[in-house]
Amino acid sequence: MDKFIANEETYENIISFNKVPKAKYIKLTITNRSKSSGTYYVTGFVELKVYGSSLLPIKDETRKLSEITVGLNQLSEFKPDVYKYSGSSEFIKGFPAVQFKQFQKDKSHLQTIIYDIDESHRVYKAILTSENGEKTVYEYEHTLMTDKIKKFKVIIDPIYVGSATKLMFDIELENGQKITAMDLNDFKIKLEDQSAENIYFNYKKDIIFAEHSTRDLKVFVEATYKGKKYISEPTTLNFIELPPKDKNIETASLYNLTIFKGEKINLPGYIDLKYPNELSKRKLLVRWQNVPQVATKTGFFIYEGETEEGQKVYSSIQVLEYIGVEDVTLATIQGFEPYQGLPENVMVIDSLGNKNVKSVKWEPFKENEFDKIGLIVKEGTIEGTNLKAKAHIRIASKDISKSINISKQVTGFNYPAAFASFTNDIDKASNDRISKINDATIETNSTTQNKWSNWQNNASKRQKDSVGIIFARGGVIKPEMFDRVKIWFGEDSGTTVPTNYSFEYFDQEITNLPENEKLGHIDESSSNLKDNAKWKSIELKSKPIIKANDTNGTLFEFTRPIKATAIRITMDVPTNKNGIIIYEMQVDRLIPAENNDPLIEVKYDDKAYNEFNPNIFEYLIPNNKDLTKFIFTTNNNSKITSTLINQKLIVNVFSEDAKKLKTYIFKKQESIDLDKKALEVKKIISEIEHKYNTEIKHNLGKNSLYKAYIAQLNYLLELGSINQIDELIQKIKSI
Numbered sequence: 001m002d003k004f005i006a007n008e009e010t011y012e013n014i015i016s017f018n019k020v021p022k023a024k025y026i027k028l029t030i031t032n033r034s035k036s037s038g039t040y041y042v043t044g045f046v047e048l049k050v051y052g053s054s055l056l057p058i059k060d061e062t063r064k065l066s067e068i069t070v071g072l073n074q075l076s077e078f079k080p081d082v083y084k085y086s087g088s089s090e091f092i093k094g095f096p097a098v099q100f101k102q103f104q105k106d107k108s109h110l111q112t113i114i115y116d117i118d119e120s121h122r123v124y125k126a127i128l129t130s131e132n133g134e135k136t137v138y139e140y141e142h143t144l145m146t147d148k149i150k151k152f153k154v155i156i157d158p159i160y161v162g163s164a165t166k167l168m169f170d171i172e173l174e175n176g177q178k179i180t181a182m183d184l185n186d187f188k189i190k191l192e193d194q195s196a197e198n199i200y201f202n203y204k205k206d207i208i209f210a211e212h213s214t215r216d217l218k219v220f221v222e223a224t225y226k227g228k229k230y231i232s233e234p235t236t237l238n239f240i241e242l243p244p245k246d247k248n249i250e251t252a253s254l255y256n257l258t259i260f261k262g263e264k265i266n267l268p269g270y271i272d273l274k275y276p277n278e279l280s281k282r283k284l285l286v287r288w289q290n291v292p293q294v295a296t297k298t299g300f301f302i303y304e305g306e307t308e309e310g311q312k313v314y315s316s317i318q319v320l321e322y323i324g325v326e327d328v329t330l331a332t333i334q335g336f337e338p339y340q341g342l343p344e345n346v347m348v349i350d351s352l353g354n355k356n357v358k359s360v361k362w363e364p365f366k367e368n369e370f371d372k373i374g375l376i377v378k379e380g381t382i383e384g385t386n387l388k389a390k391a392h393i394r395i396a397s398k399d400i401s402k403s404i405n406i407s408k409q410v411t412g413f414n415y416p417a418a419f420a421s422f423t424n425d426i427d428k429a430s431n432d433r434i435s436k437i438n439d440a441t442i443e444t445n446s447t448t449q450n451k452w453s454n455w456q457n458n459a460s461k462r463q464k465d466s467v468g469i470i471f472a473r474g475g476v477i478k479p480e481m482f483d484r485v486k487i488w489f490g491e492d493s494g495t496t497v498p499t500n501y502s503f504e505y506f507d508q509e510i511t512n513l514p515e516n517e518k519l520g521h522i523d524e525s526s527s528n529l530k531d532n533a534k535w536k537s538i539e540l541k542s543k544p545i546i547k548a549n550d551t552n553g554t555l556f557e558f559t560r561p562i563k564a565t566a567i568r569i570t571m572d573v574p575t576n577k578n579g580i581i582i583y584e585m586q587v588d589r590l591i592p593a594e595n596n597d598p599l600i601e602v603k604y605d606d607k608a609y610n611e612f613n614p615n616i617f618e619y620l621i622p623n624n625k626d627l628t629k630f631i632f633t634t635n636n637n638s639k640i641t642s643t644l645i646n647q648k649l650i651v652n653v654f655s656e657d658a659k660k661l662k663t664y665i666f667k668k669q670e671s672i673d674l675d676k677k678a679l680e681v682k683k684i685i686s687e688i689e690h691k692y693n694t695e696i697k698h699n700l701g702k703n704s705l706y707k708a709y710i711a712q713l714n715y716l717l718e719l720g721s722i723n724q725i726d727e728l729i730q731k732i733k734s735i
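So for the sequence shown, the UniProt record's numbering puts the first residue at 1; every next one is plus one.
Here is the structure:
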C-alpha cells in the first residue's frame with residue numbers, strides 16, 4: 001500500500017493497493033500526531049471514498065429486494081434470499097401490477113422486465129446490478145386461472161344449399177356451468193380433413209352458410225375461452241341441393257385474368273353464384289377444357305368450361321410479357337458510392353405499355369469503382385425474368401459538391417445517435433449528456449447546458465474516453481460513407497481541448513446496444529462497440545489546430561472515404577485538467593450538385609430529325625414511318641423512357657434530380673383513327689350494356705361469354721388492333 005504525508009495545502013489524497021482486496025468492508029485508522037518542526041499532521045478526516053476499477057465510487061450495494069407487491073398486496077412468502085415466486089388470480093381480472101422494492105440503502109441499479117409466455121402466463125423479472133457488474137435476478141410468474149371447458153359439442157341441422165342456419169352448442173365447464181357461443185372468441189369452423197378444399201360452406205361467427213351440397217361431411221369448431229384454445233367434438237354437415245326459386249342470377253364470380261408469360265394458370269374449379277332471396281351464395285363446380293398449366297404464349301385466350309349441371313361457361317386469360325425496363329440515373333462524388341444507393345425496385349414495361357414495379361438484383365459495387373470522374377453503368381436482373389436493368393451513375397468532382405449532415409438526430413427515431421465510453425451525468429447536478437452532441441444545436445460557450453463532458457474531480461479523473469456517432473436511416477442502423485468530421489470543443493477552468501487523440505471506424509453489425517439513455521456509458525453495456533479490437537484506425541490528411549469555444553468548430557479530413565456503421569474519436573485527458581468538453585460532433589457526407597436541365601436530341605433512321613423542336617411536345621408522323629426507328633439521346637445524365645402503344649410513341653425525359661419532366665408524343669395518323677374508334681366502341685358498348693342488364697346478366701353462359709368478349713375488346717384497343725375490333729363487336733352483339 002502507498003504511504004503519504006499530508007501538508008496543510010492538501011485536501012485530498014489517494015491510497016492505492018498493490019493487491020486488490022475482495023471484501024465487504026474497509027477501515028482506515030489514523031494515528032493522532034501534534035505539530036512538530038513546522039510540519040502539520042492530520043488528526044482526523046472528513047470523508048472516506050472507496051473506488052473500484054471503473055474509478056466510480058463503490059456504493060453500498062446489497063443487491064437484494066426488501067419486498068415484492070402483487071396488485072395491492074405484499075407477497076407474504078417473500079424472503080430476500082429466495083429468488084423465484086409464483087401466483088395466480090382469476091382470468092377475468094387480468095394480469096396484476098407487480099412492484100419490486102429495494103432496501104433503502106441499496107444503491108444497485110434496478111431494472112424490471114415483463115414478458116408474456118402466453119395469454120395466461122406472464123413473467124416479471126427484477127435485475128439488480130452492482131457497480132462492478134454483478135447481478136441478482138428475482139422472478140415472479142403469474143397465472144390467470146380459468147374454468148376449463150369439459151364438454152364442447154356442436155349440432156348443425158341439415159339445410160338447403162343457398163340458405164344459412166345458426167349452430168347449436170352444448171358447452172359445459174368443469175364446475176357444471178353452461179356457456180354459449182357468445183362466450184367464445186377466435187371462432188373457426190374447419191374441415192376434419194384439412195387437406196381438402198372447402199367448397200361447401202362459409203360462416204360468420206356461429207352462423208353457417210351452405211354453398212354446395214354434401215352428405216356426412218365431418219367438421220369441428222375451434223375457439224378460445226378465456227385465453228385457452230378448445231376444439232369441439234366432430235359433427236356432420238348435410239347440405240341438400242334444391243334448385244333456386246328464382247333462377248335469374250344476381251351476381252357471378254367470372255374469371256377474366258391477366259397474367260404474364262411463364263406464370264402458372266390457376267383457374268378456380270368453381271364459380272360463385274348468388275340468386276335472389278337466398279341467404280348464401282352457391283358454388284357451382286366447373287371443369288375447364290384445354291387450359292395449359294403454364295402460359296407459354298402471349299395474347300388473349302378464351303377458355304370454355306362445363307358446370308356440374310352441364311351448362312357452358314367461359315373465362316378469359318390475357319397473357320402479357322415484360323418487354324423493357326426504365327433506366328436509372330444517379331450521381332455521386334468521386335470516391336463515394338451513391339448516397340441513395342441503387343433502387344430495390346424499378347419500372348418494367350409490359351407488352352401493353354403498362355408500367356409494373358418489379359424488384360431487381362444489382363451487381364455489387366467493385367473496390368475503387370468510383371475513384372475516377374466520369375460515367376459508369378451497373379447492371380441488374382429483374383426478378384423472375386432475364387431482363388436487365390441499367391443504372392447510369394455520374395461520378396462528379398468534389399469541387400462541385402454539397403454536403404449533408406448524416407449524424408444528426410431524426411425526430412421519431414432512436415438512431416442516428418451519439419455514444420461515449422463515459423459521460424459526466426452520474427452527478428444529478430450535471431447537465432452534461434451524450435445526446436447533446438448530435439442535436440444540430442451548437443452553443444460554443446462554457447456555461448451552456450448543451451454539451452457533453454467527461455469531467456470528474458481529481459480522485460475520479462478520467463485518463464481517456466471515446467465519443468462517437470452510430471449511423472442510421474429511417475431509424476435503421478446501416479453504414480454511411482464519409483471523409484470528414486467537424487467537432488466543436490469547449491473549455492472552462494476544469495477542462496481543455498485534447499492534444500492526443502485518434503479517429504477510428506466500426507464496419508461491422510452493431511449488437512446489444514443499450515437504451516439511448518445509457519449510450520453515454522457504452523463501456524458498461526454488452527455492446528460490441530466497447531470492443532477496441534473491432535475498431536479500425538482512420539488516417540488524417542493533417543492534424544488541425546483545435547480551438548476551444550470556436551463557433552466554426554474544427555474540421556478533421558481523412559485521407560480516403562470511409563464506409564462504416566459508427567465513428568469515434570478517442571481522446572486523452574490533458575494532465576493539467578480534469579476533462580474534455582464537446583458541444584457538437586457533426587459528420588458530413590458529400591453529395592453532387594445534380595444536373596437539372598436536360599437537353600434532348602432526336603434521330604430517325606440514324607439521321608437528325610430536323611422537325612424536332614424541344615419546345616414542341618406533339619408530332620404527327622406519316623403512317624409509312626416506323627416509330628421504332630426513332631432514337632433519343634440526352635445530356636447531363638438525364639433519363640429517357642419511351643413507350644410505344646396504339647401507334648403512339650410517348651417519350652419522357654427526366655432531369656437527373658427527377659425534378660423536371662418533359663413529355664414528347666410522336667403519333668401516326670393511325671393513332672388518331674384508333675382514338676376515334678375507341679370513342680365509337682364505347683358508345684356501342686354503352687348501348688349493349690342496357691341489354692346486358694336486362695337479358696344477359698341473369699344467364700350464366702351468356703354472361704360469362706359477354707364478359708370475356710368485353711375483356712378482349714379492351715385488350716385489342718390497348719394493342720391498337722383496329723382490324724379485329726369490328727369483328728369482335730359483331731360477336732358481342734350476337735350474344
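For glycine and all other residues, C-beta sits at the position ideal for the given N, C-alpha and C.
Exposure of residue i, with buried meaning 16 or more beta-carbon neighbours within 10 Å
{"i": "F413", "result": "exposed"}
{"i": "T565", "result": "buried"}
{"i": "T495", "result": "buried"}
{"i": "I672", "result": "exposed"}
{"i": "H690", "result": "exposed"}
{"i": "I234", "result": "Correcting the residue type first, residue 234 is Pro in the shown sequence and not Ile. With fewer than 16 other Cβ atoms within 10 Å, it is exposed."}
{"i": "R560", "result": "exposed"}
{"i": "L705", "result": "buried"}
{"i": "D186", "result": "exposed"}
{"i": "E326", "result": "buried"}
{"i": "P338", "result": "buried"}
Proximity below 8 Å, CB of residue i to CB of residue j
{"i": "W452", "j": "V467", "result": "yes"}
{"i": "N438", "j": "S430", "result": "no"}
{"i": "A331", "j": "P592", "result": "yes"}
{"i": "E363", "j": "E383", "result": "no"}
{"i": "L627", "j": "L644", "result": "yes"}
{"i": "I189", "j": "I208", "result": "yes"}
{"i": "L590", "j": "S401", "result": "yes"}
{"i": "I545", "j": "N528", "result": "no"}
{"i": "G71", "j": "L144", "result": "no"}
{"i": "S655", "j": "N596", "result": "yes"}
{"i": "S351", "j": "L387", "result": "no"}
{"i": "L713", "j": "I722", "result": "no"}
{"i": "Y583", "j": "G520", "result": "no"}
{"i": "F422", "j": "D523", "result": "yes"}
Helix, strand or coil at residue i according to DSSP, with G and I counted as helix
{"i": "K648", "result": "strand"}
{"i": "T694", "result": "helix"}
{"i": "A708", "result": "helix"}
{"i": "K297", "result": "coil"}
{"i": "V221", "result": "strand"}
{"i": "N703", "result": "helix"}
{"i": "E119", "result": "coil"}
{"i": "N73", "result": "strand"}
{"i": "N238", "result": "strand"}
{"i": "L320", "result": "strand"}
{"i": "S542", "result": "coil"}
Cβ-Cβ separation, residue j to residue i (assumed contact under 8 Å), whole Å
{"i": "L242", "j": "Y160", "result": "5 Å"}
{"i": "Y115", "j": "Y140", "result": "With a Cβ gap of about 12 Å, Y115 and Y140 do not count as contacting."}
{"i": "G553", "j": "K486", "result": "5 Å"}
{"i": "Y270", "j": "L284", "result": "6 Å"}
{"i": "Q318", "j": "F336", "result": "Actually they are not in contact, since the Cβ atoms of Q318 and F336 sit about 45 Å apart, beyond 8 Å."}
{"i": "I240", "j": "A295", "result": "Between A295 and I240 the Cβ distance is about 40 Å, and since that is not below 8 Å, they are no contact."}
{"i": "S66", "j": "Q102", "result": "6 Å"}
{"i": "K461", "j": "N578", "result": "5 Å"}
Within-8 Å CB hit, residue i to chain C
{"i": "I127", "result": "No chain C appears in the structure shown, which is made up of a single protein chain."}
Considering only residues of the region 584-639, which uninterrupted beta strand (DSSP E) runs meet the minimum length of 3 residues and lie entirely inside it, listed in chain order?
600-604, 618-621 and 630-634
Contained alpha helix (DSSP H) runs [length at least 4] in the UniProt domain "Bacterial Ig-like" (255-308), N- to C-terminal order:
none
In chain order, which continuous runs of the beta strand (DSSP E) of length 3 or greater are located wholly inside the region 474-533?
480-490 and 501-506
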